[in-house]
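Q: 0 is the number of the first residue of the first sequence in numbering that gives the first Met the number 0; add one for each residue after it.
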Amino acid sequence: MPELPEVEIVKQSLIKSVQFKKINNLIINNRNLRFKIEKNLKKKIANKRIKNILRKSKYLIINFEKDEYLLIHFGMSGTLHQVKNKNKFKTNLSFYHSKNLPNDHNHVYFLFDNFKIIYNDPRRFGFIKYFNSNDKLNFFLRNYGPDPFENGFNFKYLKKYLINKTKNIKNLLLDQKFISGIGNIYASEILFYSKINPLKKGKNISQYEINKIIKKTKFVLSKAIKKGGSSIRNFKNTKGKIGSYQEEFVVYNRENKNCKRKNCKEKIVKINISKRSTFICKYCQKK
DNA sequence: AAGAGGCCCTGATAGC
DNA sequence: TGCTATCAGGGCCTCT
Numbered sequence: 000m001p002e003l004p005e006v007e008i009v010k011q012s013l014i015k016s017v018q019f020k021k022i023n024n025l026i027i028n029n030r031n032l033r034f035k036i037e038k039n040l041k042k043k044i045a046n047k048r049i050k051n052i053l054r055k056s057k058y059l060i061i062n063f064e065k066d067e068y069l070l071i072h073f074g075m076s077g078t079l080h081q082v083k084n085k086n087k088f089k090t091n092l093s094f095y096h097s098k099n100l101p102n103d104h105n106h107v108y109f110l111f112d113n114f115k116i117i118y119n120d121p122r123r124f125g126f127i128k129y130f131n132s133n134d135k136l137n138f139f140l141r142n143y144g145p146d147p148f149e150n151g152f153n154f155k156y157l158k159k160y161l162i163n164k165t166k167n168i169k170n171l172l173l174d175q176k177f178i179s180g181i182g183n184i185y186a187s188e189i190l191f192y193s194k195i196n197p198l199k200k201g202k203n204i205s206q207y208e209i210n211k212i213i214k215k216t217k218f219v220l221s222k223a224i225k226k227g228g229s230s231i232r233n234f235k236n237t238k239g240k241i242g243s244y245q246e247e248f249v250v251y252n253r254e255n256k257n258c259k260r261k262n263c264k265e266k267i268v269k270i271n272i273s274k275r276s277t278f279i280c281k282y283c284q285k286k
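(1) State buried or exposed for G239, treating a residue as buried only when at least 16 other CB atoms are found within 10 Å of its CB.
(2) Measure the alpha-carbon distance for K43 versus I212 and round it to whole angstroms.
(3) Does the Cβ of P145 have 16 or more other Cβ atoms within 10 Å, making it buried, or fewer, making it exposed?
(4) Along the chain, where does the beta strand (DSSP E) containing I52 start, and where does it finish?
(5) Between the Cα of N257 and those of N236, K200, I279, spot the shortest distance and give me the residue it belongs to.
(6) What's the call for I119, buried or exposed, on a 16-neighbour Cβ count within 10 Å?
(7) For K164, collect the residues of the same chain with a Cβ closer than 8 Å to its Cβ; drop the 5 residues on either side in sequence, then sort them by chain order.
(8) Just to confirm my understanding: we take F34, look at its own chain, exclude 5 residues before and 5 after, and list those with CB closer than 8 Å. What are they?
(9) Determine the DSSP secondary structure at K231, reduced to helix, strand or coil.
(10) Do L25 and L110 have their C-beta atoms within less than 8 Å of each other?
(11) Grab the span of the beta strand (DSSP E) containing V82 for me, first residue to last.
(12) What does DSSP give as the partner residues of Y185 in its beta bridges?
(13) Taking just the CA atoms, how far does F130 sit from Y192?
(14) Along the chain, where does the beta strand (DSSP E) that runs through Y207 open and close?
(15) Locate the beta strand (DSSP E) running through N276, then write down its first and last residues.
(16) Given that a residue counts as buried once 16 or more other Cβ atoms are within 10 Å of its Cβ, and exposed if not, what is I307?
(17) If you follow the alpha helix (DSSP H) that V9 is part of, which residue opens it and which one closes it?
(18) From the DSSP secondary-structure annotation, give me the bridge partner or partners of F126.
(19) Does the beta-carbon of P121 have 16 or more other beta-carbons within 10 angstroms, so that it is buried, or is it exposed?
(20) Can you tell me the Cα-Cα spacing of H96 and R232, whole angstroms?
(21) By the three-class DSSP mapping on this structure, what secondary structure does F295 have?
(22) Identify, in the order they occur along the chain, each residue of the same chain with its Cβ nearer than 6 Å to the Cβ of Y185, setting aside the five sequence neighbours on each side.
Below, the structure written as structure tokens:
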């Protein structure tokens, strides 16, 4: 599901339910994710109270009252669902495998007083990792570039980073070491609004274009957040509500459709860049 | 040392 | 209907 806007939406819907609440119990149904969920995770977070929910790029971070953190990455298909408890006294796993739940790939159940939060991930590209201090969390995140809503995402940084890069700008936008939070959908959208050809090398991006990228990245991502994220394949917030930014797409998933720019008669085309679909208007993004 | 490509996984859909 | 191939909001690892 998850680029920055979708994770932000999950954060916003989750925080209303779980802030200042205690995780009574944890049931690990399937430890196999990108990295195995550690066996004693239950010991570490059961009976801990949640102080806040944070987000850094595509990471959701549960911050407990003490200096403890649970980092969640959603990979391609990870989701969180909030489900009401029918009977809060039942905690055996078979109970939670009721027919109403998408239980095939439910990896973890976080049990609260009146509801539970379920981490589900069919493709298992996501992961869940615990840190017992802010220092360790930050160490884990040390190689990530600035989140587009952080101060570090500025002209000076981009200019310096791009100066000798032979990699194309599309792949650069997807590189979390450069900027963290942008994924395959929003990379295409941002480059269209910036009028930049996705194959252009980083070192050839002009100062004018750097400013465009900064401005349009913030524009696209914040608009997507306002619209509840993009639901191209069942993305929902924790309460099951879908987003609507897919209706605003200018290029993504719009192969053979008309360019949305006024007076442009070009059709959007799909090209592959490093085996990933990229959508462009060849007229508006000539350079 | 930067960059390209393979690979990890399941599920939905298209085409035969 | 049922097979196979392709593709999907990501990113780590290996090789050059």
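Think of the CB as a built atom: it goes at the ideal place given N, C-alpha and C, for glycine as much as any other residue. Owing to the predicted nature of the structure, the values given are computational and were not obtained by experimental measurement.
A: Let's see:
(1) G239 is exposed by the Cβ-count criterion.
(2) Computed Cα separation, rounded: 42 Å.
(3) Per the 10 Å Cβ criterion, buried.
(4) Where I52 is concerned, the enclosing beta strand (DSSP E) stretches over 47 to 55.
(5) Per the Cα distances, I279.
(6) Strictly speaking, residue 119 in this sequence is Asn, with Ile absent from that position. Under this definition N119 is a buried residue.
(7) By the criterion of a C-beta distance shorter than 8 Å, K164 is surrounded in its chain by L171, K200, G201, K202, once the five residues flanking it on both sides are discounted.
(8) Correct list, in chain order: F126, K128.
(9) A quick correction: the sequence has Ile, not Lys, at residue 231. Correct three-state label for I231: coil.
(10) Yes, the pair counts as a contact, with Cβ atoms nearer than the cut-off.
(11) Element bounds for V82: 78 to 83.
(12) Under DSSP, Y185 shares a beta bridge with no residue.
(13) Rounded to the nearest angstrom, the two C-alpha atoms are 39 Å apart.
(14) Element bounds for Y207: not the beta strand (DSSP E) but the alpha helix (DSSP H), 206 to 225.
(15) It should be pointed out that residue 276 corresponds to Ser in this sequence rather than to Asn. Counting along the chain, the beta strand (DSSP E) containing S276 begins and ends at 275 to 280.
(16) Absent from the model: residue 307. The displayed extent of the chain is 0 to 286, so no value can be given.
(17) Going by DSSP, V9 is part of the alpha helix (DSSP H) stretching over 3 to 17.
(18) DSSP lists H72 as partners of F126.
(19) Of the other Cβ atoms in all chains shown, fewer than 16 fall within 10 Å of the Cβ of P121; this residue is therefore exposed.
(20) Bear in mind that a pLDDT of 41 at H96, under 50, signals an unreliable position, so the number given afterwards is only what the model happens to contain. Rounded to whole angstroms, the gap between the alpha carbons of H96 and R232 is 23 Å.
(21) The first residue shown for the chain is 0 and the last is 286, placing residue 295 beyond what the model contains.
(22) Within the same chain, Y185 has close Cβ partners E2, V219.
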